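Here the structure is laid out as structure tokens; the discussion comes afterwards.
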Amino acid sequence: MRSSTGRWVSGDGFFDRKAELEILESRVRGRNHVLLTGQRRMGKTSVLRELGRRLAYDGWIFLFVDVEGAASPEDAIADIAQAVHPYRPIASRFAEGIRRWLSDRIEEVSASQFRLKVRAGLDPGSWRRYGERLLRDCASQEEPVLLVIDEVPIFLKRMLERDESAARVDEFLSWLRATTQALGENSPVLILSGSIGLEPLVRRLGIPDRINHLDPFRLGPWNRETSVACFERLAESHRLPVDGGVAGAVYDSLGVGVPQHVQSFFARLREHATMQGRDRVTVEDVAEVYRNGLLGPSGQSDLVHYETRLREAFDDEGYSLAMEIVAEAAIEGAFTLGAERSLAALYHELVEDVSVRIADALEVLAHDGYLEAGEDGYRFQSRLLKDWWTARFRDHHVALERRLEASAAVGNTK
Ligand SMILES: Nc1ncnc2c1ncn2[C@@H]1O[C@H](COP(=O)(O)OP(=O)(O)OP(=O)(O)O)[C@@H](O)[C@H]1O
Ligand SMILES: [Mg+2]
């Protein structure tokens, strides 16, 4: 097994997820559309690519579309067209309708050139019609088609921000639902996925029924046994001897088996052994690498990813509230009801409907796996994430209740 800490993995870089693949495959074969959610770095894209690879091996057409860069339905349709490009019968049929000359030149243009040409032929008045034609062209293919659209919530959020209205989000989701439903049994099977909760987003916009044709599936972390097995497989494949107890200590340090964190820990331990000129990894190395590698300056670059995703999930006000919540949960150990009341009091002059906004932020943070609701408030599930945020805010976060008391005291002396 290859070690990887970057993008999605598949084939011999892919570990386990047997049950998840089995469930997803059976839903797809049963022609059920799916909404795949899961915390950052949990391996959503990898599981979808692996699922597609297996189905393609069995004769399916696998279309993988990443709409992270799309800003309009026209862009998203053009992205789907790009994924269709290698399947000549579908691409030609579609091109025939949109730009006849393109149909004869499919062989001459690359997939990204094809995308550009298609994009140039789409506008706000025509994307529905052409998009429908594209999906119909997929449906008329003899082979069944799996259409994965990844990073959907980022795309929808972008439209929401640009337009300052939910109209286009609604139009796109309604169109997708109506079109796939009209194609019935022959429709490409859809899987929508992304790392920011789509459900909280559509609920907030008052259009939850636009995704009710999708069967939700949540990708969770690996348990201890699987995390340990993955670590040991990596060590074996890279011929790195590790003492007994190392893999277990890795899992215990992380607190939760996010696949990318397991991979990252392995890569850092391996580098550490090389730097020290040693040919084995000991249990003591685990604590040292956790402290200096994962939590140190180089590990902070992974944190940036988590922070960026939060910025994408919220507007400026929502982002400030979310950062306050995350900082409080990291440093105080939990975001309690008292902290929630204090936050509302501190921000009520600045943010409209502050209690609702806090509730929204908590929903997203819990949905996306940053925090977990417990008896005494919201806490981090992952020790690594908690320690990261603690390192980030340690020097400038004051507990919310104390901050409120201090501001009340200032108010009284005025
Ligand atoms: N099944 C797996 N086997 C081995 N490693 C995995 C697996 N799934 C995920 N990983 C690790 O996690 C990393 C991220 O995977 P992936 O990009 O699929 O996650 P994601 O949930 O789509 O992330 P994002 O939230 O950034 O979209 C991979 O580079 C790899 O290190
Ligand atoms: Mg992904």
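In the numbering used here, the protein residues as written are 2 to 415.
Note that the Cβ used here is the ideal one computed from N, Cα and C, for glycine as well.
These figures come from a predicted structure and were not determined experimentally.
Within the DSSP bridge table, the entry for residue 374 names 379 as partners. Straight across, the Cα-Cα distance linking residue 32 with residue 186 is about 7 Å.
For residue 121, the closest alpha carbon among the candidates 346, 232, 78 and 218 is that of 78.
For the pair residue 150 and residue 203, the CB atoms are not nearer than the 9 Å cut-off. Taking the Cβ of residue 310 as the reference point, at least one heavy atom of ligand 1 falls within a distance shorter than 8 Å.
Apart from sequence neighbours up to five positions away, the residues of its chain that approach residue 244 with a beta-carbon distance below 7 Å are 281, 282, 283 and 284, ordered along the chain. By the criterion of a C-beta distance shorter than 7 Å, residue 364 is surrounded in its chain by 201, once the five residues flanking it on both sides are discounted. Restricting attention to beta strand (DSSP E) runs no shorter than 3 residues, the region 78-164 encloses them at 146-151, ordered along the chain. In the DSSP assignment, the residues bridged to residue 191 are 148. With a threshold of 8 Å, the Cβ atom of residue 295 does not count as near ligand 1, since no heavy atom of the ligand is closer than that. For residue 10, the secondary structure class from DSSP, reduced to helix, strand or coil, is coil.
With 7 Å as the limit, the residues whose C-beta approaches a heavy atom of ligand 2 more closely than that are 9, 45, 46, 151, 152 and 196, in chain order.
Here DSSP, grouped into helix, strand and coil, assigns residue 389 to helix. With contacts defined as CB atoms closer than 9 Å, residue 69 and residue 156 qualify as a contacting pair.
Nearest C-alpha to residue 403 among 344, 362 and 115: 344.
Inter-residue distance for residue 253 and residue 62 is about 41 Å (C-alpha atoms, whole angstroms).
Linking residue 113 to residue 249 through their CA atoms gives a straight-line distance of about 45 Å.
Counting the other Cβ atoms within 10 Å of the Cβ of residue 58 gives fewer than 16, which makes it exposed. Excluding five sequence positions before and after residue 390, the CB atoms of its chain that fall closer than 6 Å to its own CB belong to 327 and 331, given in chain order. When the alpha-carbon of residue 222 is set against those of 208, 376, 152 and 371, the nearest one is in 371. Nearest neighbour of residue 358 by Cα position, chosen from 325, 377, 40 and 182, turns out to be 325. 189 is the residue among 166, 189 and 375 whose C-alpha sits nearest the C-alpha of residue 143.
The alpha-carbon separation between residue 94 and residue 108 amounts to approximately 13 Å. Leaving aside the five residues that flank residue 9 on each side, the residues in its chain whose CB is nearer than 6 Å to its CB run, in chain order, 46, 47 and 50.
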